[in-house]
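When we follow the working numbering, the leftmost residue of the sequence shown carries the number 2, and every step to the right adds one.
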Amino acid sequence: MTGTRQLHDIGRRRAYAIWGAGLAVYVLAVFHRTSLGVAGLLAADRFDINASQLATFTVLQLAVYAGMQVPVGVALDRFGSRILIISGLVCMTAGQLWFAAADSFAMGLGARALIGAGDAMVFTAVLRLVALWFLVRQAPVITQLTGMVGQMGAVAAAVPLSAALHGLGWTRTYTLAASLGVILLFGAFAVIKDSPYERGEVERIKLRALRHSLTEVWRDPGTRLGLSVHFTSQFAPTVFALLWGYPFLVSGQGLSPTTASALLTLMTFVALVAGPTIGRWTGRNPYYRSVVALGVVGSIALVWAVVLALPGRSPLWLLVVLVAVTAVGGPGSMIAFDLARSFHRSDRLGRASGVVNMGGFVASLVTMALIGLVLDRLAPGGPDTYTLDDFRIAMSVQFLLWGFGAWMIWRYRRRSLDRIAQSPGALDALRSGEALLPGISRDHED
Numbered sequence: 002m003t004g005t006r007q008l009h010d011i012g013r014r015r016a017y018a019i020w021g022a023g024l025a026v027y028v029l030a031v032f033h034r035t036s037l038g039v040a041g042l043l044a045a046d047r048f049d050i051n052a053s054q055l056a057t058f059t060v061l062q063l064a065v066y067a068g069m070q071v072p073v074g075v076a077l078d079r080f081g082s083r084i085l086i087i088s089g090l091v092c093m094t095a096g097q098l099w100f101a102a103a104d105s106f107a108m109g110l111g112a113r114a115l116i117g118a119g120d121a122m123v124f125t126a127v128l129r130l131v132a133l134w135f136l137v138r139q140a141p142v143i144t145q146l147t148g149m150v151g152q153m154g155a156v157a158a159a160v161p162l163s164a165a166l167h168g169l170g171w172t173r174t175y176t177l178a179a180s181l182g183v184i185l186l187f188g189a190f191a192v193i194k195d196s197p198y199e200r201g202e203v204e205r206i207k208l209r210a211l212r213h214s215l216t217e218v219w220r221d222p223g224t225r226l227g228l229s230v231h232f233t234s235q236f237a238p239t240v241f242a243l244l245w246g247y248p249f250l251v252s253g254q255g256l257s258p259t260t261a262s263a264l265l266t267l268m269t270f271v272a273l274v275a276g277p278t279i280g281r282w283t284g285r286n287p288y289y290r291s292v293v294a295l296g297v298v299g300s301i302a303l304v305w306a307v308v309l310a311l312p313g314r315s316p317l318w319l320l321v322v323l324v325a326v327t328a329v330g331g332p333g334s335m336i337a338f339d340l341a342r343s344f345h346r347s348d349r350l351g352r353a354s355g356v357v358n359m360g361g362f363v364a365s366l367v368t369m370a371l372i373g374l375v376l377d378r379l380a381p382g383g384p385d386t387y388t389l390d391d392f393r394i395a396m397s398v399q400f401l402l403w404g405f406g407a408w409m410i411w412r413y414r415r416r417s418l419d420r421i422a423q424s425p426g427a428l429d430a431l432r433s434g435e436a437l438l439p440g441i442s443r444d445h446e447d
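Here is the structure:
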């Protein structure tokens, strides 16, 4: 932050207003991202598609999202949060309008891809606002609050969206959803400011140095640790909320659509509690952040193992536990961005966050696709022929990714600690509760 004059207070009312404007766009992004969750069976009928094709909607959307993270990170460091948030909002609004009018599989795919492109621009841009507008001690909690409040979009995409689809129909419901983006554009234009500093913390990256810069970010073990945490923690709640949770609960476990939608909503309220709790604890104990992530992943895998191994359908109380524990993976994945903040200075935080943010979405799209392929192999007759045994086998593919991800977390935790030990005072600072490390993410004299 040296060499720039501070124009506004950090962590005060202006900071919260700017964060609030960005957060509102992120809530809408989560809504658009998850808006196919309760509409999966309707989409299968509307477009006359099978399970693999249905999964392709969300897989393509997440593939576009994940593939754009590095370009978005570069653009974020070059142009700042405001332009990225506004551009993302425009893309999502156009995509949802297109999806409302889509009457073929190809049109639906194009619309979901455009929504994914807009969604990709929002989250890391909001996190950059948090990093620049809030104090170091505030940032972990505000980061968790960002993810937590953002999940209110998933709440709106569960029971309310299900009711709207059945009451208003497909086209009117998604057109109404798209109109929300037009409203939020005014707030983004009027309120969001990139930085509290005169020149801002936006690095004007020379294009010829871009490749070298990205290579440095990727080689950093802290980046790979954050990527591993995000990869392993996030995919289970994402897969469950976006695509396969609702069919699993309705077709597999025999719940009513209303009960299944309520359980999807429960995921968000669990995240509302878990997010600040994890944020406060990891903020005070940054040395153990990756250990907490491993604990979250282990808990999710254990409950899934019980549900899938249980003969017959699970009792409702066990499904509530399953949904609640799976939901903690969302707040757990936010640890990844706090790790990135510890290993990178603000001038390349956008690139680092973009790389980290790829992890969970790559894992999610791989898992979604694999589940769809398994279900098509076991139940070629389509969604109406799914059985609980089909879902037992299909949902078990998650264990492959949990095992691989846990190994990556442990591997890069050790490498990251080795790197920290090479910088004088950094390991002591981390053990004492500091998240910004001397010689790594801040100067020694800070």
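A virtual CB, placed ideally from N, CA and C, is assigned to each residue, including glycine.
These numbers come from a predicted model, not from an experiment.
Cβ-based neighbour list, residue 370, same chain, cut-off 7 Å, excluding 5 preceding and 5 following: 56, 60
Residue 290 versus residue 21: straight-line alpha-carbon distance, rounded: 26 Å
Distance CB(residue 351)-CB(residue 129) smaller than 8 Å: yes
Outcome for residue 361 when other beta-carbon atoms lying within 10 angstroms are tallied against a minimum of 16: buried
DSSP state of residue 387 mapped onto helix, strand, coil: coil
Nearest-angstrom beta carbon gap, residue 327 and residue 396 [assumed within contact, 8 Å]: That belief does not hold up - the Cβ atoms of residue 396 and residue 327 are roughly 11 Å apart, past 8 Å.
Reduced DSSP category for residue 28 - H, G, I as helix; E, B as strand; rest coil: helix
Residue from 27, 431, 40 whose Cα sits closest to the Cα of residue 248: 40
Any 3 or more C-beta pairs closer than 8 Å across the stretch 223-232 and the stretch 404-422: yes
Contact under 8 Å by Cβ, residue 30 with residue 93: yes
Extent of the continuous alpha helix (DSSP H) to which residue 349 belongs: Here residue 349 belongs to no alpha helix (DSSP H), and DSSP marks it neither H nor E.
Contacts around residue 252, its chain only, beta-carbon distance under 6 Å, and the 5 residues preceding and following it disregarded: 387
Alpha-carbon spacing of residue 63 relative to residue 363, whole angstroms: 7 Å
Residues near residue 222 in its chain [Cβ-Cβ closer than 7 Å; skip 5 each side]: 413, 416, 417, 420
Other residues of its chain near residue 331: CB distance less than 7 Å, five sequence neighbours each side excluded: 148, 152, 235, 238, 272
Boundaries (first-last residue) of the alpha helix (DSSP H) holding residue 171: 171-192
Simplified DSSP assignment, three categories, for residue 427: helix
C-alpha distance - residue 50 paired with residue 179, whole-angstrom precision: 24 Å
Ordered list of alpha helix (DSSP H) runs contained in the stretch 41-68, each at least 4 residues: 41-48, 52-68
Same chain, Cβ closer than 7 Å to residue 181, five either side skipped, listed in chain order: 29
Length of the line joining the Cα atoms of residue 81 and residue 26: 16 Å
Residue 45 to residue 52 span [Cα, whole Å]: 8 Å
Range of the contiguous alpha helix (DSSP H) that encloses residue 77: 70-80
Three-pair Cβ contact test at 8 Å for the stretch 299-307 versus the stretch 182-189: no
Bounding residues of the alpha helix (DSSP H) (the contiguous stretch that carries residue 271): 258-285
8 Å contact criterion, which residue 449 and residue 74 should meet: CB distance rounded: Outside the displayed range of the chain (2 to 447) lies residue 449, so it cannot be described from this structure.
Start-to-end residues for the alpha helix (DSSP H) that takes in residue 153: 153-157
Element boundaries [alpha helix (DSSP H), containing residue 313]: From DSSP, residue 313 is part of no alpha helix (DSSP H); its letter is neither H nor E.
Backbone CA spacing between residue 231 and residue 170 [nearest angstrom]: 36 Å
CB of residue 407 within 8 Å of CB of residue 233, strictly: yes
Short Cβ contact (8 Å threshold) for residue 254 with residue 309: no
Spatial distance of residue 16 from residue 78 (CA atoms): 19 Å
The alpha helix (DSSP H) enclosing residue 254, as first and last residue numbers: Run containing residue 254: none; DSSP gives neither H nor E here.
Short Cβ contact (8 Å threshold) for residue 47 with residue 194: no
Start and end residues, alpha helix (DSSP H) containing residue 106: 106-121
Alpha carbon of residue 143 to alpha carbon of residue 188, nearest angstrom: 20 Å
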